[in-house]
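The block underneath contains the structure these notes are about, expressed in structure tokens.
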Amino acid sequence: MLENEIINSGGRRIGWAIKTTNMKRLNGYRNVVDLNEAFLMDDSCDSFLYGQDDTNNDRSIIEWTNTPDDAAEQFRRVWFQGDGMVRRKNLPIENNHFYCFLWGTWDILIVIAGLIFLIHIIIYML
Numbered sequence: 001m002l003e004n005e006i007i008n009s010g011g012r013r014i015g016w017a018i019k020t021t022n023m024k025r026l027n028g029y030r031n032v033v034d035l036n037e038a039f040l041m042d043d044s045c046d047s048f049l050y051g052q053d054d055t056n057n058d059r060s061i062i063e064w065t066n067t068p069d070d071a072a073e074q075f076r077r078v079w080f081q082g083d084g085m086v087r088r089k090n091l092p093i094e095n096n097h098f099y100c101f102l103w104g105t106w107d108i109l110i111v112i113a114g115l116i117f118l119i120h121i122i123i124y125m126l
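Read left to right, the sequence shown gives residues 1 to 126 (the working numbering).
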């Protein structure tokens with residue numbers, strides 16, 4: 001599970017959106033954060049077989065912009081279109097190969113059972 005916090009330390013309300021290059025694995029988000037407020041975002045990855053999908057170009061793109069002064073506290077995609085300044089941060093996604101391999105499979109149970117068996121053998125030998 002990924003946990004990210006969007007913090008608005010500026011002096012104006014911002015609208016932000018997170019896009020991904022692979023929507024099968026990660027969800028996109030969008031919201032509004034008032035000045036001096038924060039938004040805690042939890043995200044998780046759908047299970048996939050590592051090595052069968054190309055994950056080299058997986059990225060999250062975070063975009064944010066100041067909202068108009070009279071804007072409601074509801075996200076509007078139109079804020080990101082037009083001549084206003086949109087800031088963008090492009091972040092590569094780095095998958096933990098071992099964790100992705102075990103995610104959503106019975107392999108994790110086999111590994112845990114093997115570790116328990118190994119611990120029992122060590123205790124028996126002592």
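Backbone N, C-alpha and C fix where the C-beta goes; we use that ideal spot for every residue, glycine too.
Here the structure is a predicted model, which means the values were calculated and not measured.
Check: Segment contact, 8 Å Cβ cut-off, at least three pairs: the stretch 13-21 with the stretch 30-39; Outcome: yes
Check: Nearest residue (CA-CA) to residue 66, options 6, 124, 11; Outcome: 11
Check: Residue 72 to residue 38 span [Cα, whole Å]; Outcome: 17 Å
Check: Inter-residue Cα distance where the pair is residue 5 and residue 59; Outcome: 18 Å
Check: Those residues which DSSP pairs with residue 15 across a bridge; Outcome: 32, 65
Check: Spatial distance of residue 111 from residue 84 (CA atoms); Outcome: 53 Å
Check: Expected contact under 8 Å - CB spacing of residue 63 and residue 86 to nearest Å; Outcome: 6 Å
Check: Below-8 Å beta-carbon distance, residue 22 vs any chain C residue; Outcome: The chain labelled as chain C is not found in the depicted structure, where only one protein chain is given.
Check: In DSSP terms, what residue 39 is bridged to; Outcome: 6
Check: Between the CA atoms of residue 21 and residue 119 - distance to the nearest angstrom; Outcome: 43 Å
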